[in-house]
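Following: one structure in structure tokens, then a few remarks.
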Amino acid sequence: MDFDFETLPKFRGKLLLNAPLAPYTWFRVGGLADALFLPADEDDLADFLKALPADIPVTVLGVGSNTIVRDGGIEGVVIRLMGGYWGKVEAQNSLTVFARAGALDLSVARYAAREGISGLGFLSGIPGSVGGAVRTNAGCYGRELKDVLNQIEGVARSGERIVFQGELVDYGFAQVGFSYRHTDFPDDIIVTGLLLSGDDTADPEILKAEIEAHQTKRAETQPIKDKTGGSTFANPDPPGTPSQRSSWKLIDAAGCRGLRVGGAQVSEKHCNFLINTGDATAADIEALGELVRARVLEHSGVDLRWEIRRIGRIQKS
Ligand SMILES: Cc1cc2nc3c(=O)[nH]c(=O)nc-3n(C[C@H](O)[C@H](O)[C@H](O)COP(=O)(O)OP(=O)(O)OC[C@H]3O[C@@H](n4cnc5c(N)ncnc54)[C@H](O)[C@@H]3O)c2cc1C
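So the sequence shown is numbered by the numbering used here: it starts at -8 and just counts up by one.
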């Protein structure tokens, strides 16, 4: 990239050049960002985006629990909203919680439980940030983010501050297009905060126990201690038999459990999870995913859709 980042004005956040991204993803793979910006707050983010020439690509990364950063790294600026400021969670009233985009879903679930707000406990099953949850309409245990979402605050690529609410036509939720593990949320908007509504008030001890039960079940059924990106493929939409609507069953039936490419492996514990066994490259993981897709297509005729985001440049050999 030709752009000289040193020509930008000084910001309160940190700007790191040629920054490794692997440490910021669950898979622990991927190349360098031309630049990594860690804004201090919304004003700092907006000022940075206004000053950055419009032709420099901007990519936002949460905690990288749903993302493969390719080995060739990412062109332009990667933005992460992490650290104390961006992790803030606070009650707005007896049923509504405000969370900044870098807050972990688990932290929001635990906070709501402590405050005695029911209906947000499902977030404890998602190991990402709430900013990332908007993009993927993250969900589990029969609930999705859209079911509890009240308002989204963001900053556009132009630096303009934006608020999405149900009643706003131009930037209304209908336009965001939430569906199963997918949204049409505009690519050029960085989510900075969310208002989330619970269902009712409840006994905090019961809500905490519900979260602990979710955590225990996860640990039993998913390779959560491995370097992984969660479910690799979305469950296929109906029509189809029940077994054709479950990605893991299709992958298992195609004989892919334990399959390897380089340092990447289909998890033995949950075969819709790919894992980095230690020395995988992003190319290994992506190639393994494509091999699984091809085998499932051949075996069952179902073309699986990647749920994991794959971003950045393929490394030239
Ligand atoms: C063990 C494991 C279990 C999982 N289980 C589930 C599950 O049950 N349900 C589920 O839905 N997911 C699950 N996931 C996937 C993942 O946790 C979710 O998709 C999560 O919402 C991703 O959040 P993140 O912060 O890690 O996002 P990232 O992976 O960093 O990014 C994902 C996408 O969100 C965008 N993004 C991130 N932050 C922002 C922001 N502030 N503004 C705008 N866009 C942003 C990124 O550009 C990217 O397109 C699991 C993952 C793992 C590793």
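No residue lacks a Cβ here, since even glycine has one placed at the ideal position from N, Cα and C. This one's a predicted model, so the numbers in the text were calculated from it and none came from an experiment.
| Query | Result |
| --- | --- |
| Check whether residue 69 and residue 273 have beta carbons under 8 Å apart | no |
| Exposed unless 16 or more other CB atoms sit within 10 angstroms - verdict on residue 15 | buried |
| Contact check, residue 242 vs residue 262, beta carbons under 8 Å | yes |
| At least three beta-carbon pairs within less than 8 Å, the segment 61 to 81 to the segment 9 to 27 | yes |
| C-beta atoms of residue 225 and residue 238 nearer than 8 Å | yes |
| Limits of the beta strand (DSSP E) - the one that residue 66 falls within | 65 to 71 |
| Chain-order list of residues whose beta-carbon lies under 8 Å from that of residue 178 (same chain, five-residue window excluded) | none |
| Residue nearest to residue 25 in terms of C-alpha spacing, selected from 48, 183, 81 | 48 |
| Reduced DSSP category for residue 91 - H, G, I as helix; E, B as strand; rest coil | strand |
| Near ligand 1: residue 226 beta-carbon under 7 Å from a heavy atom | no |
| C-beta contact flag for residue 138 and residue 119 at 8 Å | no |
| Cross-strand partners of residue 108 (DSSP beta bridge) | 192 |
| DSSP bridge partner residues for residue 267 (one or two, in chain order) | 218, 255 |
| Proximity below 8 Å, CB of residue 27 to CB of residue 10 | yes |
| Nearest candidate by alpha-carbon position, reference residue 284, set 240, 271, 147 | 240 |
| Element boundaries [alpha helix (DSSP H), containing residue 287] | 273 to 291 |
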